[in-house]
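A.B. asks: If you count the sequence shown from 1, you need to add 13 to reach the working numbering.
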Amino acid sequence: MNQKPGNDFSTNNTKLLEERLRRYEDEVGQISSKSTLIDRVSYLRKKRENDVSKTIINIEDSRNFDLCFVLDCTDSMSPYIEATKEHILKVASYVNRHNSKFKFWVGFCGYRDHYDYDRLQILNFTNSLEKFKIYITNKVMAKGGGDVAEDVLGGLNAAITEMTWSNPTRILIHIGDAPPHGRRFTKFNDDYPNGDPNGLTAESVLKKMKLKKILYYFGKINDSTDVMLNVFREIIGDLPVFDLMTMGDNPELLVDKFCKATSSAIFSSITLTTTLRNSESIYSLQQKKLHINPHEPDWTTHPEKTGKLLCCIPPRTLAEVKDEYYFTNSSFIEQDIFFKLAPQPFSVGTERYAYFALDTSLGQANKLVIKKYHDIKIGTIERYLESVEIFNIAYFFSTKFNIAVERVGINKKVTFIDVKVLYDETDNTYYSVEKYINNANSKNLM
């Protein structure tokens, strides 16, 4: 690689700063052309601080969530209804133990089949766990059902449209052991082979769910719902499925599985809502998860690309870290690079794709991980520069921390992966790039 100190993809840092300011100004509206460079930096810094404050408020709001259980309540579901009743207090205790600031409201929607008495049973959201438990105990019984299929779409539709969803994070956990009506979903005995007799379709129901920003999770009991899940995936993308299958009569195991599934749904939903804030983004992310390839490609079949790496000189003192102009005024190092990039990501997180890549610059192949933000326009560098700045600040403090703990005899160190910006000259695209770590969990790479 050829290193060119002081070269910021063009020739000087002022040009880079101007580019970054223009990108910020595009976000917040035009600033007077008479403003000085320092004035523009100061104004945009304040705007960013306001954005951070709003984000903190959004994070706090996202801790409040609605949790709805949608259950098939026909004869075969008796142990699952009992487990729903028994596990909710355990889940509440678990959530409070991990974050006492979480507040949640729990609701219930039970469904049976079209000809059953009490086809739908609804308990609207309540913050009284005791009220929820009493309702399940006294009002909900496993009964009814005849053919294999049940009124799945009716139950989901009722939960979505008849319950009062009001909190920023909205979680629907659906548990059932039978598919909806219609040959689209099952080849087994079905009294309504043409589909829902009320005209509901998976598309119409799931569209309402997306519009209400409700996150869907499914508890799988047997394989009869596999076709249904595939249809749902075609509509809303990848969806979390929890294994609730049990062998034999073991209620404690079933309650434990319920607790783990519900707790996982809660924490992953809060993370998604906090990060993406909007249901379109969340469901777009779920669609993207369908197109990942976890396997490293055959590199001999992929062309070599040319690009440039950009990294900044790390701050050496606390004063430099605190200097609001350090990263805009500091020198950068530019490096030429030859590389190969996998055509599909091997993982996708709430903000970025992760791709396998090879650095072929030195005549030998060194593995890399290249990351790309979901929502970044081609040719946009700002978010990637921010990731480099975050790394350098974290690296500075981790170095100081490691020195301090070594003084007191603690033989443990905190390390961060070095992050650089990569510019792909072949298609005018920016990425962040890191060294590949063997045996790293792909979720931890995001």
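Where a beta carbon is used, it is the ideal one built from N, C-alpha and C, also for glycine.
Tell me where the alpha helix (DSSP H) around Arg246 begins and ends.
C.D. replies: Taking the sequence shown and counting its residues from 1, the one referred to as residue 246 is at position 233. Here the alpha helix (DSSP H) through Arg246 covers 239-249.
A.B. asks: Spell out the partners DSSP gives Gly157 in its beta bridges.
C.D. replies: The residue labelled residue 157 in the question sits at position 144 within the sequence shown. For Gly157, which the question treats as bridged, DSSP gives no partner whatsoever.
A.B. asks: Taking its Cβ as the centre, do 16 or more other Cβ atoms sit within 10 Å of Asn140, making it buried, or is it exposed?
C.D. replies: For the purposes of this step, residue 140 is identified with residue 127 of the sequence shown, where counting begins at 1. By the 10 Å Cβ count, Asn140 comes out exposed.
A.B. asks: Glu309: which of Cys324, Val254, Arg110, Tyr449 sits nearest, CA to CA?
C.D. replies: The sequence position of residue 309 within the sequence shown is 296, counting from 1. Scanning Cys324, Val254, Arg110, Tyr449 for the CA closest to the CA of Glu309 turns up Tyr449.
A.B. asks: Here's the rule I'm using: 16 or more other beta-carbon atoms within 10 Å means buried, otherwise exposed. How should Ser106 be labelled?
C.D. replies: Residue 106 sits at position 93 when you count from the first residue of the sequence shown. Burial call: exposed.
A.B. asks: Using CA atoms only, rank isn't needed, just tell me which of Glu399, Tyr436, Lys380, Tyr93 is closest to Ala155.
C.D. replies: The count along the sequence shown starts at 1 and reaches residue 155 at position 142. The shortest C-alpha separation from Ala155 is found at Tyr93.
A.B. asks: Which stretch, first to last residue, makes up the beta strand (DSSP E) that contains Val254?
C.D. replies: Locating residue 254 in the sequence shown gives position 241, where the first residue counts as 1. Run containing Val254: 254-256, per the beta strand (DSSP E) assignment.
A.B. asks: According to the neighbour-count rule (16 or more other Cβ atoms, all chains shown, within 10 Å of its Cβ), is Asp88 buried or exposed?
C.D. replies: Working through the sequence shown from its first residue, we reach residue 88 at position 75. That one is exposed.
A.B. asks: Can you find the residues in the same chain that come closer than 7 Å, C-beta to C-beta, to Phe409, ignoring five residues on each side of it along the sequence?
C.D. replies: Against the sequence shown, residue 409 aligns to sequence position 396. Within the same chain, Phe409 has close Cβ partners Pro327, Pro328, Val334.
A.B. asks: With distances taken Cα to Cα, identify the nearest neighbour of Leu84 among Asp190, Asn151, Tyr148, Ile173.
C.D. replies: By 1-based counting over the sequence shown, the position of residue 84 is 71. Comparing Cα positions, the closest option is Asp190.
A.B. asks: At 3 residues or longer, and completely inside the region 362-434: list those beta strand (DSSP E) runs for me, N to C.
C.D. replies: The qualifying runs are 365-372, 379-386.
A.B. asks: Measure the alpha-carbon distance for Tyr230 versus Thr238 and round it to whole angstroms.
C.D. replies: As a position in the sequence shown, residue 230 is number 217, starting the count at 1. As a position in the sequence shown, residue 238 is number 225, starting the count at 1. Their backbone Cα atoms lie some 13 Å apart in a straight line.
A.B. asks: On a Cα-Cα basis, can you pick out the residue from Ile394, Leu213, Lys233 that is closest to Tyr444?
C.D. replies: Indexing the sequence shown from 1 puts residue 444 at position 431. Answer by Cα proximity: Ile394.
A.B. asks: Are there 16 or more other CB atoms within 10 angstroms of the CB of Pro192, so buried, or fewer, so exposed?
C.D. replies: As a first step, residue 192 is located in the sequence shown; it is residue number 179 there, counting from the start. Looking at its Cβ environment, which holds 16 or more other Cβ atoms inside 10 Å, Pro192 is buried.
A.B. asks: Whole angstroms are fine: how far does the CA of Lys114 sit from the CA of Leu224?
C.D. replies: Here residue 224 corresponds to residue number 211 of the sequence shown, with the count starting at 1. Here residue 114 corresponds to residue number 101 of the sequence shown, with the count starting at 1. Between Leu224 and Lys114, the C-alpha separation is close to 27 Å.
A.B. asks: Which two residues bound the contiguous beta strand (DSSP E) that contains Glu163?
C.D. replies: Here residue 163 is taken as the residue at index 150 of the sequence shown, counted from 1. First-last for Glu163: undefined, no H or E at that position.
A.B. asks: Return the Cβ separation of Leu133 and Gly168 in integer angstroms, given the expectation that the two are a contact with Cβ distance under 8 Å.
C.D. replies: Numbered from 1 along the sequence shown, position 120 holds the residue referred to as residue 133. Numbered from 1 along the sequence shown, position 155 holds the residue referred to as residue 168. The Cβ separation is near 7 Å, so the contact holds.
A.B. asks: When burial is assigned at 16 or more other CB atoms within 10 Å of the CB, is Leu50 buried or exposed?
C.D. replies: Position 37 of the sequence shown holds residue 50. Model confidence at Leu50 stands at a pLDDT of 43, short of 50, so the residue's coordinates are unreliable; what they give is reported in the following sentence. Counting Cβ neighbours within 10 Å, Leu50 comes out exposed, since fewer than 16 surround it.
A.B. asks: Are Asn170 and Trp118 closer than 9 Å when you measure CB to CB?
C.D. replies: The residue given as residue 170 occupies position 157 in the sequence shown. The residue given as residue 118 occupies position 105 in the sequence shown. Contact flag unset, no.
A.B. asks: Along the chain, where does the beta strand (DSSP E) containing Tyr148 start, and where does it finish?
C.D. replies: Position 135 of the sequence shown holds residue 148. No beta strand (DSSP E) holds Tyr148; the alpha helix (DSSP H) holding it covers 142-152.
A.B. asks: Quick one: what does DSSP say Trp118 is sitting in, helix, strand or coil?
C.D. replies: By 1-based counting over the sequence shown, the position of residue 118 is 105. If DSSP states are grouped into helix, strand and coil, Trp118 belongs with the strands.
A.B. asks: Could you tell me which whole beta strand (DSSP E) segments of length 3 or greater appear in the region 323-356?
C.D. replies: Every beta strand (DSSP E) of 3 residues or more that sits fully in the region 323-356 is shown, in chain order, as 345-354.
A.B. asks: Would you identify the three-state DSSP class for Tyr107, choosing helix, strand or coil?
C.D. replies: Position 94 of the sequence shown, counted from the first residue, corresponds to residue 107. Residue state, collapsed to three classes: helix.
A.B. asks: On a CA-only basis, which of Gln348, Glu347, Ile383 is nearest Ser360? Give me that one, please.
C.D. replies: The count along the sequence shown starts at 1 and reaches residue 360 at position 347. The residue with the shortest Cα to Cα distance from Ser360 is Ile383.
A.B. asks: Can you tell me the Cα-Cα spacing of Trp178 and Pro358, whole angstroms?
C.D. replies: Taking the first residue of the sequence shown as position 1, residue 178 is located at position 165. Taking the first residue of the sequence shown as position 1, residue 358 is located at position 345. Using only the alpha carbons, I get a separation of about 35 Å.
A.B. asks: Relative to the C-alpha of Ser276, which residue among Glu347, Leu185, Asn451, Tyr338 is closest?
C.D. replies: What you label residue 276 is simply residue 263 of the sequence shown in a count that begins at 1. Out of Glu347, Leu185, Asn451, Tyr338, the CA that lies nearest to the CA of Ser276 is found in Leu185.
A.B. asks: Nearest-angstrom Cα distance between Ile188 and Tyr205?
C.D. replies: Locating residue 188 in the sequence shown gives position 175, counting from the first residue. Locating residue 205 in the sequence shown gives position 192, counting from the first residue. Taking the straight line joining both Cα atoms gives about 21 Å.
A.B. asks: Would the region 423-430 and the region 307-325 be scored as touching if the rule is three or more Cβ pairs under 8 Å?
C.D. replies: no
A.B. asks: What are the partner residues of Arg183, as DSSP defines its beta bridges?
C.D. replies: The sequence position of residue 183 within the sequence shown is 170, counting from 1. Answer is Asp79, Ile227, bridged to Arg183.
A.B. asks: Taking only the alpha-carbon atoms, compute the straight-line gap between Ala355 and Asp311 and give it to the nearest angstrom.
C.D. replies: As a position in the sequence shown, residue 355 is number 342, starting the count at 1. As a position in the sequence shown, residue 311 is number 298, starting the count at 1. Spanning the two alpha carbons is a distance of roughly 9 Å.
A.B. asks: Cα separation between Glu447 and Leu381?
C.D. replies: Here residue 447 corresponds to residue number 434 of the sequence shown, with the count starting at 1. Here residue 381 corresponds to residue number 368 of the sequence shown, with the count starting at 1. Taking the straight line joining both Cα atoms gives about 6 Å.
A.B. asks: For Ile350, which option in Asn379, Leu142, Tyr368, Gly232 has the closest C-alpha, if you only look at C-alpha atoms?
C.D. replies: Position 337 of the sequence shown, counted from the start, is the residue given in the question as residue 350. If we check each option's Cα against that of Ile350, Asn379 comes out closest.
A.B. asks: Let's test the definition: count the other Cβ atoms within 10 Å of the Cβ of Phe375 and tell me whether it reaches 16, buried, or not, exposed.
C.D. replies: By 1-based counting over the sequence shown, the position of residue 375 is 362. Inspection of the sequence shows that residue 375 is occupied by Leu rather than by Phe. Leu375 sits exposed, since fewer than 16 C-beta atoms from the chains shown fall within 10 Å of its C-beta.
A.B. asks: Quick test of your reading: Arg76 and Ile416, contact by CB under 8 Å. State the CB separation rounded to the nearest angstrom.
C.D. replies: Residue numbering aside, residue 76 sits at position 63 when the sequence shown is read from its first letter. Residue numbering aside, residue 416 sits at position 403 when the sequence shown is read from its first letter. Going by Cβ atoms, the distance from Arg76 to Ile416 rounds to 36 Å, so no, they are not a contact pair.
A.B. asks: Look up Tyr93 in the DSSP assignment and say whether it is helix, strand or coil.
C.D. replies: Working through the sequence shown from its first residue, we reach residue 93 at position 80. Three-state result, Tyr93: helix.
A.B. asks: May I ask which residues mark the beginning and end of the beta strand (DSSP E) holding Thr439?
C.D. replies: As a first step, residue 439 is located in the sequence shown; it is residue number 426 there, counting from the start. Unbroken run through Thr439: none, as it is neither H nor E.
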